[in-house]
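Participant: Provided herewith is a single structure, encoded as structure tokens, for subsequent inquiry.
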């Protein structure tokens, strides 16, 4: 298969496949430096398809399972149900991450207040029950973090709480 490069388009032609030079260089770089979080993030950012970005991030967390940043990026691209599964895997891979527990709480909170299409409004009691799960999730997270000798200061927790509130998740 011959490689042809069009200097004006920034594309490389590999027979019938045309890919951007950035994709090509990024893929080549990942072969040589697979443990670079930054390189995985840049490669994912080149993708125009969410499906392809998910596939890349799934591979990235296999290669770098301790990267909280990659786990959270993958969870953001998933449906709420799949995001829960991703966050559970992330929690097991990185049991010392408070960010993963907070992301789980935020996801549960969003699901408690958002009404899927075709469903009726939730009663206040139903919403309160759903929101109680947020509290239980965060409490479980604090217990697990303590179990793994991770102790955030009061100031750190307050900073995280303020960030959640700013982002529309006051219960978390």
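Numbering (our numbering), first residue to last: 9 to 180. Note that the Cβ used here is the ideal one computed from N, Cα and C, for glycine as well. Note that the structure is predicted; figures quoted are calculated from it, not measured.
Count the other C-beta atoms from every protein chain shown that fall within 10 angstroms of the C-beta of residue 146, then say buried if there are 16 or more, exposed otherwise.
Facilitator: Taking the chain shown and counting its residues from 1, the one referred to as residue 146 is at position 138. It is buried - the Cβ of residue 146 has at least 16 other Cβ atoms within 10 Å.
Participant: In three-state terms, what does DSSP make of residue 28?
Facilitator: Taking the chain shown and counting its residues from 1, the one referred to as residue 28 is at position 20. Here residue 28 sits in strand by DSSP.
Participant: If we define contact as Cβ-Cβ less than 7 Å, is residue 43 a contact residue for chain B?
Facilitator: Of the chains in the structure shown, none is chain B; there is only one protein chain.
Participant: How big is the Cα-Cα spacing for residue 51 and residue 57?
Facilitator: For the purposes of this step, residue 51 is taken as the residue at position 43 of the chain shown. For the purposes of this step, residue 57 is taken as the residue at position 49 of the chain shown. So the two alpha carbons sit approximately 12 Å from each other.
Participant: Relative to the C-alpha of residue 70, which residue among 102, 133, 173 is closest?
Facilitator: The count along the chain shown starts at 1 and reaches residue 70 at position 62. The residue with the shortest Cα to Cα distance from residue 70 is 102.
Participant: Quick one: using the 10 Å Cβ neighbour count with 16 as the cut-off for buried, is residue 29 buried or exposed?
Facilitator: Taking the first residue of the chain shown as position 1, residue 29 is located at position 21. With fewer than 16 Cβ atoms within 10 Å of its Cβ, residue 29 is classed as exposed.
Participant: Along the chain, which unbroken stretches of the beta strand (DSSP E) at least 3 residues long are found entirely within the stretch 29-62?
Facilitator: Taking only runs of at least 3 residues, no beta strand (DSSP E) segment lies wholly in the stretch 29-62.
Participant: Give a yes or no on contact between the stretch 135-153 and the stretch 80-97, applying the rule of three or more CB pairs nearer than 8 Å.
Facilitator: Verdict: no, contact absent.
Participant: Assign residue 121 to buried or exposed, taking buried as 16 or more other Cβ atoms, counted over all protein chains shown, within 10 Å of its Cβ.
Facilitator: Counting from one through the chain shown, the residue named residue 121 turns up at place 113. It is exposed - the Cβ of residue 121 has fewer than 16 other Cβ atoms within 10 Å.
Participant: May I have the straight-line CA-CA distance separating residue 148 from residue 86, to the nearest angstrom?
Facilitator: Mapped onto the chain shown, residue 148 falls at position 140. Mapped onto the chain shown, residue 86 falls at position 78. Going by the C-alpha atoms only, they are around 23 Å apart.
Participant: For residue 25, I'd like the list of residues in its chain whose CB is within less than 8 Å of its CB, leaving aside the five on either flank, ordered along the chain.
Facilitator: Sequence index remark: in the chain shown, residue 25 carries index 17 (1-based). With a pLDDT of only 49 at residue 25, under the threshold of 50, the placement of this residue in the model should not be trusted; the figure read from the coordinates follows. Taken in chain order, the list of residues that qualify is empty.
Participant: Check whether the Cβ atoms of residue 161 and residue 113 lie closer than 7 Å to each other.
Facilitator: In the chain shown, residue 161 corresponds to position 153, counting from 1. In the chain shown, residue 113 corresponds to position 105, counting from 1. No, these two residues do not count as a Cβ contact at 7 Å.
Participant: Determine the burial state of residue 117: buried for a count of at least 16 other Cβ atoms within 10 Å of its Cβ, exposed for fewer.
Facilitator: Start at 1 with the first residue of the chain shown, and residue 117 comes out as number 109. With 16 or more other Cβ atoms within 10 Å, it is buried.
Participant: Starting from the C-beta of residue 45, find all residues in its chain whose C-beta is less than 7 Å away, skip the five residues before and the five after it, and write them out in chain order.
Facilitator: Within the chain shown, residue 45 is the residue found at index 37, counting from 1. Here the set comprises 72, 75, 77, 78.
Participant: Which parts of the stretch 89-144 are runs of the alpha helix (DSSP H), unbroken and 4 residues or longer, counting only runs that do not cross its ends?
Facilitator: Runs of the alpha helix (DSSP H) inside the stretch 89-144: 106-121.
Participant: Do you know whose CA, among 110, 140, 141, 132, lies nearest residue 169's CA?
Facilitator: Against the chain shown, residue 169 aligns to sequence position 161. Nearest of 110, 140, 141, 132 to residue 169, Cα basis: 110.
Participant: Looking at residue 47 and residue 35, is the spacing between their C-beta atoms short of 7 Å?
Facilitator: Residue numbering aside, residue 35 sits at position 27 when the chain shown is read from its first letter. Residue numbering aside, residue 47 sits at position 39 when the chain shown is read from its first letter. Not a contact, by the Cβ cut-off of 7 Å.
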